[in-house]
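Engineer:
Numbering (this note's numbering), first residue to last: 20 to 299.
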């Protein structure tokens, strides 16, 4: 009797948990649903009504969008910048984080604290100096400023260091050295695969951050055909009004690559964690 009562209580608890999870999932999906629904209505409906059901203006809004800006060129520009910057960001963060974790050198603690301290300084404070520096190096209106700044990522270095401290055994590094691996060979063949869950997590943050970057491309890039997707979407407006329908279509287009990348990298995180659990 007690066992049946316990099973019944556990069944009720599971139902409550599932209902709560479904409610949370629907709450998270609501902004995406609203975004898609809004992109199918006219500007007047968007401004005046609470939109719940789909409309029939998606392709009309899309045609206005491509007449105003070269949205697919912007998508290609953003993909190139984001993928390249993410690879640079993840690689150098892994290199620096691993170095802080497993190598002992003078002033290691001080340098790491300085690295963390830079996270407290808003990037917008240095935008004027950054612009002047890029002008001196003749890099304005090029993609170099958007890519070279990805070499340094204080959060990424911190994340990788913490992961390496707990999940990369020193014995594996010493075994690799005994087998004749050089330091860079050891890093590429052994360390990087071990840190794949942390690197996948960092890649998600780096990808989303660079994809949504608005301020730096707007300041650095002058040619309309070189602009990124966020800047192009924001420019879909006249002097006195904004074309909300066209902007929402652009937002829908811009969100798809983020969802695809997040789905792919989240699987890498889960697989890495599962492999570590089985291995343990």
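No residue lacks a Cβ here, since even glycine has one placed at the ideal position from N, Cα and C. Bear in mind that the values here come from a model prediction, so they are computed numbers and not experimental data.
#1: Hey, is residue 140's beta-carbon within less than 8 Å of any beta-carbon in chain B?
#2: Counting pairs of beta carbons, one from the segment 183-203 and one from the segment 67-75, are three or more of them closer than 8 Å?
#3: I'd like the span of the alpha helix (DSSP H) that includes residue 162, first residue to last.
#4: Using only the alpha-carbon positions, how far apart do residue 127 and residue 118 sit?
#5: Identify whether residue 229 lies in helix, strand or coil by the three-state DSSP scheme.
#6: Near residue 36, which residues of its chain fall below 8 Å by C-beta distance, leaving aside the five closest residues on each side in sequence?
#7: Below 8 Å, how does it come out for the segment 136-146 and the segment 243-253: are there three or more Cβ pairs, yes or no?
#8: Assuming residue 248 and residue 103 are in contact, meaning their beta carbons sit under 8 Å apart, how far apart are those beta carbons, in whole angstroms?
#9: Does residue 93 pass the burial test, meaning 16 or more other C-beta atoms within 10 Å, or should it be called exposed?
#10: Label residue 298 either buried or exposed according to how many other C-beta atoms from any shown protein chain fall within 10 Å of its C-beta, with 16 as the threshold for buried.
#11: Can you list, in chain order, the residues of its chain whose CB lies under 7 Å from that of residue 223, leaving out five sequence neighbours each side?
#12: When burial is assigned at 16 or more other CB atoms within 10 Å of the CB, is residue 60 buried or exposed?
#13: Please give me, in chain order, every unbroken run of the alpha helix (DSSP H) with length at least 4 that falls completely inside the segment 179-217.
#14: Taking only the alpha-carbon atoms, compute the straight-line gap between residue 296 and residue 186 and give it to the nearest angstrom.
#15: If the criterion is Cβ atoms closer than 8 Å, does the pair residue 109 and residue 221 meet it?
#16: May I have the straight-line CA-CA distance separating residue 135 from residue 236, to the nearest angstrom?
#17: Are the CB atoms of residue 214 and residue 113 nearer to each other than 8 Å?
#18: Could you check if residue 275 is buried or exposed, using at least 16 other CB atoms within 10 Å of its CB as the buried criterion?
#19: Check residue 256 in the structure and name its three-state DSSP category.
#20: What would DSSP say about residue 58, mapped onto helix, strand or coil?
#21: Measuring straight from C-alpha to C-alpha, what distance separates residue 204 and residue 179?
#22: Within this structure, are the beta carbons of residue 303 and residue 107 separated by less than 8 Å?
Structural biologist: Per the coordinate set shown:
#1: Any reference to chain B falls outside this structure, which holds one protein chain only.
#2: Taking a cut-off of 8 Å for Cβ pairs, the segment 183-203 and the segment 67-75 do not touch, as fewer than three such pairs fall below it.
#3: DSSP places residue 162 outside any alpha helix (DSSP H), giving it a letter other than H or E.
#4: Using only the alpha carbons, I get a separation of about 10 Å.
#5: Here residue 229 carries a helix assignment [DSSP, helix/strand/coil].
#6: Apart from the 5 residues on each side of it in sequence, residue 36 has no Cβ closer than 8 Å to any other Cβ in its chain.
#7: The segment 136-146 makes no contact with the segment 243-253: fewer than 3 CB pairs, one atom from each, lie closer than 8 Å.
#8: So it is not a contact: roughly 15 Å between Cβ atoms.
#9: With 16 or more Cβ atoms within 10 Å of its Cβ, residue 93 is classed as buried.
#10: Since pLDDT at residue 298 reaches only 45, below the 50 mark, its modelled position is unreliable, and the value read off the structure follows with that caveat. Exposed is the call here.
#11: The answer, listed in chain order, is 281, 284.
#12: Counting the other Cβ atoms within 10 Å of the Cβ of residue 60 gives 16 or more, which makes it buried.
#13: Whole alpha helix (DSSP H) segments, 4+ residues: 189-197, 202-205.
#14: Reliability fails at residue 296, whose pLDDT of 41 lies under 50, so the model's placement of it is uncertain and no value is given.
#15: Cβ atoms of residue 109 and residue 221: closer than 8 Å.
#16: Cα to Cα, residue 135 sits roughly 26 Å from residue 236.
#17: Contact annotation: residue 214 and residue 113 have beta-carbon atoms nearer than 8 Å.
#18: Exposed, since its Cβ has fewer than 16 Cβ neighbours within 10 Å.
#19: Judged by DSSP in its simplified three-state form, residue 256 adopts strand.
#20: Reduced to three states, the DSSP call for residue 58 is coil.
#21: Each residue's Cα considered, the two are about 18 Å apart.
#22: Here the chain covers residues 20 to 299 and nothing more, so residue 303 does not appear.
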